[in-house]
Amino acid sequence: TKMKVLANCIIAEIEKKSNSKRSKLRYDNEKNQIYLEDGEVDLSVTPYDLRCDCRCATCVEELTGKRVLDVNSISKEKIRPLSM
24 TKMKVLANCI IAEIEKKSNS KRSKLRYDNE KNQIYLEDGE VDLSVTPYDL
74 RCDCRCATCV EELTGKRVLD VNSISKEKIR PLSM
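Read left to right, the sequence shown gives residues 24 to 107 (my numbering).
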C-alpha cells in the first residue's frame, strides 16, 4: 500500500541520517573562535560575528526585516559562548 511505501521511505531517510558522520563543533577560548569540522568543510567564526549575523526575531523585525540589534552595543572581547 501507499502508506507502507511512505513508511519505508521515512525509515530509509532516518537510517541515512543516523549513519552519517556528525559535525564536530568546538570552541577555542584562547582564540575566541568557534570551529565547525565535518570532514569535508572546516569553518570558523568568532562569537561576535555570529551574534552580529543573528536573524532571530529579537535581532530583526519579522515583518520588515529591519535590524533591531545595535551591533555597536556588542563587545568583541567580552562575547563568549555560554555553552557548547
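Backbone N, C-alpha and C fix where the C-beta goes; we use that ideal spot for every residue, glycine too.
In this text the structure is predicted, and so the values were computed from the model without any measurement.
State yes or no: is the C-beta of residue i within less than 8 angstroms of the C-beta of residue j?
i     : j      : result
Ile97 : Tyr71  : yes
Tyr50 : Met107 : yes
Relative to the C-alpha of residue i, which candidate in the options has its C-alpha closest?
i     : options                       : result
Leu92 : Lys47, Ile57 and Cys75        : Cys75
Lys47 : Ile34, Glu53, Asp61 and Lys54 : Asp61
Asp65 : Ile33, Arg45, Leu29 and Val83 : Arg45
Which residues in the same chain as residue i place their Cβ atom closer than 6 angstroms to its Cβ, once the five residues preceding and following it in sequence are excluded?
i    : result
Lys4 : Residue 4 falls outside the range modelled here, since the chain spans only 24 to 107, and no answer is possible.
Are any of the Cβ atoms in chain C nearer than 8 angstroms to that of residue i?
i     : result
Asn52 : You won't find chain C in this structure, because it holds only one protein chain.
I'd like the list of long-range same chain contacts for residue i, defined as Cβ closer than 8 angstroms, with 5 residues on each side in sequence excluded.
i     : result
Gln56 : Tyr50, Ser67, Val68 and Thr69
Leu86 : none
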